[in-house]
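See below for the structure under consideration.
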Amino acid sequence: MKIATTLSVIALAQLAQVYAGESSYGGHSKPSGPDGGPATHDVDSRPNVHNGGVNLFPYTAELRDYIVQQHNYARAKLVPTEAANMRELKWDESLAIEASELVNTCVFEHDTENYAYGQNLMYGLNTLDKATVDSWIKGWVVEEISDADRNGNGKMDLDHASAVLWANSYLVGCASKLCPNGYLTACNYYTPGNWQGENTYIPGKSCSKCPTQAPYCDATYGKLCTADKGDTPTPAPQPTTAAPKPTTAAPQPTTAAPKPTTAAPQPTTAAPQPTTAAPKPTPAP
């Protein structure tokens, strides 16, 4: 199921620059790693918690793939203009493990200490299936942007939407647990976004400013930067020329059918007539 919506160009155009210092939500300052560069994402060797290690909802491979699919759908389709540098998201198990540790507490509160990753939370739903995943994207992106647009005053809190749509993010991992008030879900994103002074994405022709780590365009939408060369879409081959046509018209007879050169022969003279009258008898002596 895809989430179809019409999003305001005014609200969404501001989304591209919402963290450039013009929004009421200023974002946060980007942390630095030990060498002064960006903080890195630690990949640990803890066991896969989705097999019931801490009493979490067990994501099937199909549901996990659907979570990634719907995030990428939002990144490709729910932006106001084409994004020149929007990366394709892939599933990351270590991010899912981090998310599982949060939801296992049943506390609805972010745990992104040091901003090592971006994060969205959802609480209160009593089921967890594909329709539930649709509702996450609707709440984080569609409804948040629509609500901001209705305010009409430029003061937007779009931190959830920008977490989903942050162009430089390329990994996602989520976890869910049934708590007293419904399922608590956390989705973590790397690299994190919402940095002060940075745009959510660069407006422009899709895939025209892909980073060197992801120089290709995805095959599904043709709008997301990916590292997978095999995903590069290629157009279906088209015939180079039109189908050949006959160079001349079908041959026609060069002359009309022959006709008789003279009229049908007629008798040249009338039927012969006797030249003298019939003989009469001689009188008796």
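Residue numbers for the sequence shown, in UniProt numbering: 1 to 285.
No residue lacks a Cβ here, since even glycine has one placed at the ideal position from N, Cα and C.
Quick check on DSSP: helix, strand or coil for residue 186? Here the question's residue 186 lines up with position 186 in the sequence shown. DSSP places residue 186 in strand when its eight states are reduced to three.
By Cβ distance below 6 Å, which residues in the same chain neighbour residue 136 in space, the five residues on each side in sequence not counted? Taking the first residue of the sequence shown as 1, we reach residue 136 at position 136. Same-chain partners within the cutoff: 122.
For the UniProt domain "SCP" (61-197), which segments carrying the beta strand (DSSP E) assignment without a break, of at least 3 residues, lie completely within its bounds, in sequence order? 118-125, 171-179 and 182-190
Please classify residue 126 as buried or exposed, where buried requires at least 16 neighbouring CB atoms within 10 angstroms. Numbered from 1 along the sequence shown, position 126 holds the residue referred to as residue 126. Flag for residue 126 reads exposed.
With three or more beta-carbon pairs closer than 8 Å as the criterion, would you say the region 92-102 touches the region 181-199? yes
Around the Cβ of residue 228, are there at least 16 other Cβ atoms within 10 angstroms (buried) or fewer (exposed)? Locating residue 228 in the sequence shown gives position 228, where the first residue counts as 1. Residue 228 comes out exposed.
Going by the beta-carbon positions, is the gap between residue 225 and residue 98 smaller than 8 Å? As a working note, residue 225 is residue 225 in the sequence shown. As a working note, residue 98 is residue 98 in the sequence shown. Contact flag unset, no.
Counterpart residues of residue 226 in DSSP-defined beta bridges: Against the sequence shown, residue 226 aligns to sequence position 226. DSSP, once it has assigned bridges, lists 216 as partnering residue 226.
Nearest-angstrom Cα separation, counted from residue 215 out to residue 191: As a first step, residue 191 is located in the sequence shown; it is residue number 191 there, counting from the start. As a first step, residue 215 is located in the sequence shown; it is residue number 215 there, counting from the start. So the alpha carbons of these two residues sit roughly 17 Å apart.
Near residue 141, what residues of its chain come up, given a Cβ to Cβ distance below 6 Å and the 5 sequence neighbours on each side ignored? Here residue 141 refers to the residue found at position 141 of the sequence shown. Only 74, 78, 161 and 164 meet the Cβ criterion.
Own chain, CB closer than 7 Å to residue 181, minus 5 neighbours either side, in chain order: Taking the sequence shown and counting its residues from 1, one reaches residue 181 at position 181. Same-chain partners within the cutoff: 123 and 124.
Is it true that the CB of residue 205 sits closer than 8 Å to the CB of residue 84? As a position in the sequence shown, residue 84 is number 84, starting the count at 1. As a position in the sequence shown, residue 205 is number 205, starting the count at 1. The answer is yes: Cβ separation under 8 Å.
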